[in-house]
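Here the structure comes first, spelled out in structure tokens, and everything after it is commentary.
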Amino acid sequence: MDDQLINIFNSIIFNATPLVIAGLGETITERAGVVNLSLDGSILLSAMFGFVAAGVSGSLLVGFIAAMIVGGLIALLIAVAGIELRQDQVAIGFVLTLLCADLAQFLGQDYTGGSSVSLPEVHVPILSDIPVIGAIFFDHPVIVYISYMLIIAIWFWMFHTRPGLAHRAVGERPQAAFARGTDVNRLRYVYTIVGGALVGLAGAAYTLSVKPGWTNPPSMRGDGWIALAIVIFGGWHPFRVVFGAYLFAALRAVASTIQRDSSIDIPLVLLNGLPWLLMIFTLLLVSTGALERLLNIMPRALQRSARNLLRSDPPAALGTRFDPD
Amino acid sequence: MTKVFVRFGLGIAPILISLAITALIIILVGAEPGAVFQSVLEGAFRSTNAVGGVINFWIPLVLVCMGLIVTFTAGLWNIGAEGQMVMGAIAASFIARSLGESLPNAVLIPLEIVAAMLGGGAWAALAGFLKMRLGINEIFGGVALNALANLFTVHLIAGPWQPPEGGSAQSTAPFADAALYPRLSPEYPFSLTALIIAVVVIVLIVLALRGTRWGLQLKATGKNAKSALLLGVPTTQSVMSAFIVCGVLAGIAGSYRVLLTYGSLRPFASGGIGFLALLVVLVASTRAVWAAAIAFVFAVILGGSTRLRVALQLDQSLAGVLQGLLVLCVLLADGLRQRLGLGEERADG
């Protein structure tokens, strides 16, 4: 594999990282039956807070933690409104999308500019020496490795632990989970906040690593919606969500490569519109049942293991309330 | 008696709390809340001109609100109103550019309005098609269509509709005067025609939702699409018609932005009014007159804050912060009211 290709793949992995983290966060939340629609706003607000906190304190760690707290607090608000006050989660999420975006712009108005601090690259010993693979996957700032660990940890948690079973149960069949002694609403609080904190981490991943600095308007505007669509495309399965995020980043990389290549004359509008057309297309794959059909033509032995990976139904109790009394 | 007090408190508290939080945020960026609120109020009411500016925000906002009430009644989250405004603006701009020099104002305005209705309606129909035929949730369809409409504007301004002296990508060349909505007077710089259209639309929407078969079918579809279908309501047509009516109204709103506010086509011509209208309707639910009143308050905030940058070097996004906080606090108080068992059943329609 030549160096140029390796570089492209390396940057795809890097650029996809915030989408990976945000997508995983939203997957956790939605698997517990709560929709956090505010991603496009909460990513911006936590990105801004993370950037400012890191700049003021001089510590990147403080920046990432601040962003996670902001993301977690926004999610807490959605949980209180949706669970305690029985408001429509989509409505609250939409209001917060707009509110957080405007707040980020207003509070960040005096902090626009490049970053003095950004995550350094870390070569993982041994792993980064593997030919090709090492250069693509293990030659990144530490946030990328955190995203790898999150992928594995969340998948293992959801599908191979007892608490993970309860996690999925409160999103699928809250009544049944309740009957088995699970405190449904308490778990929903926990997973909404944890998911929101990851969304916040994704925000800081932009301003402290992938797109260092804060601009007005912010450059990652719109990515929150993409992350939400990726969760649907990913069928609420961590692996597929992550695959979706990498696919998106790859297609973006192709688009921007074509854009730079002056010999190919494609209208700019088409290239810039590509993420959105792609979003529709990926959702179409799910909604038209194309994936289900793929599942049905598979050999029977494969179907069982593939079902988890290819299912495209949302958690059955997504966005609904649960009243124990 | 205490119940009355609590209820009254929960009615007024959201406004006070959101103002208090906004004041805190203003202090956080090192400004003086009193001066900011005063500047906003002066910006909205200091002269007849300023009031005209508020009306110039209210007209498009209330038009989109009426459209969104229709889609809300049908149980739809038409987040795509923003893009529908933009497509209306583009369609109106197309007429203004191609016929602006050759036809009189009295002919052009109706033509432009019809074009805007078609543009907005078509874009809304596309969102409806994605939802009803292809199963794509209108929130995602809407977000994507919004982005595509805005990119199309940028494409037109930088490409085929570039001003002859070379593009700054900021706007097209100004339209001919005959193509613009005439302003009432220099003291009151808003369009009387558009104001009348807006008021007529409010009345029509109230009547249509209350007393027509179409309105009843929309309500039935919105309440429970499956049982409505079983009872013989053509739910697909209902939903599509709601989308198209909303798109048509958003289109007219878009035409107002380019044919009065700007006098040319600019990127993001809708100025966030489509999203703002969704916030209004979240508070007003399907009560059209309420929506018109709340839209006026929001228009005051919008109109008043246009001066913030010049007067106090503050970002205009403060308007969105205050509006967002207001809606958030109202929704939370509404939930609290129901939680405390004070909730009167919301009258629908």
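If you read the protein sequences in the order shown, they are chains A and B.
FYI, the numbering for the first sequence is -9 to 315, going by the working numbering.
FYI, the numbering for the second sequence is 96 to 444, going by the working numbering.
Built from N, CA and C at the ideal position, the CB exists for glycine as well.
From a predicted model like this one, the values you see are computed outputs, not experimental measurements.
- Cβ proximity to chain B below 8 angstroms picks out 76, 77, 80, 81, 82, 84, 85, 86, 88, 89 from the segment 76 to 89 of chain A.
- Where residue 111(A) is concerned, the enclosing beta strand (DSSP E) starts and stops at 111 to 113.
- Taking a Cβ-Cβ cut-off of 7 angstroms, the neighbours of residue 412(B) in chain A comprise 92, 95, 96, given in sequence order.
- Boundaries of the alpha helix (DSSP H) around residue 128(B): 128 to 140.
- With respect to the C-alpha of residue 21(A), the residue from 288(A), 148(A), 92(A) having the closest C-alpha is 148(A).
- Beta-bridge partners of residue 250(B) (DSSP): none assigned.
- For residue 185(A) and residue 414(B), the gap between their C-alpha atoms comes out near 29 angstroms.
- The three-state secondary structure of residue 214(B), taken from DSSP, is helix.
- If you look at residue 131(A), you'll find it isn't in any alpha helix (DSSP H); it sits in the beta strand (DSSP E) that goes 129 to 131.
- In summary, no residue of the segment 311 to 325 of chain B has a CB separated from any CB of chain A by less than 8 angstroms.
- DSSP places residue 0(A) in the uninterrupted alpha helix (DSSP H) bounded by -7 to 21.
- Judged by DSSP in its simplified three-state form, residue 124(A) adopts helix.
- Bridge pairing for residue 103(A): 204(A) [DSSP].
- Every alpha helix (DSSP H) stretch that sits fully inside the segment 126 to 205 of chain A and reaches 4 residues is listed by chain position as 132 to 150, 152 to 162, 164 to 169, 174 to 195.
- By the criterion of a C-beta distance shorter than 7 angstroms, residue 303(B) is surrounded in its chain by 309, 310, once the five residues flanking it on both sides are discounted.
- At the C-beta level, residue 193(B) and residue 353(B) stay beyond 8 angstroms of one another.
- Between residue 294(B) and residue 161(B), the CB-CB gap reaches or exceeds 8 angstroms.
- Here the alpha carbons of residue 152(A) and residue 32(A) stand approximately 31 angstroms from one another.
- Burial check for residue 410(B): the Cβ neighbour count within 10 Å reaches 16 or more, so the residue is buried.
- In the DSSP annotation of this structure, the continuous segment of the alpha helix (DSSP H) that includes residue 215(A) starts and ends at 213 to 223.
- Cβ atoms of residue 121(B) and residue 420(B) stay farther apart than 8 angstroms, at about 12 angstroms.
- Residue 407(B) and residue 61(A) have their C-alpha atoms spaced approximately 30 angstroms apart.
- With contacts defined by Cβ atoms closer than 8 angstroms, residue 50(A) and residue 191(A) do not form a contacting pair.
- In terms of beta-carbon proximity, residue 257(A) lines the interface with chain B, with at least one pair separated by less than 8 angstroms.
- Nearest in C-alpha terms to residue 37(A), of all of 283(A), 93(A), 3(A), 78(A), is 93(A).
- Under a criterion of Cβ atoms nearer than 8 angstroms, the residues of chain A adjacent to residue 434(B) are, in order, 74, 75, 76.
- For secondary structure counted as the alpha helix (DSSP H) over 4 or more consecutive residues, the segment 226 to 294 of chain A holds these complete runs in sequence order: 228 to 250, 258 to 277, 280 to 286.
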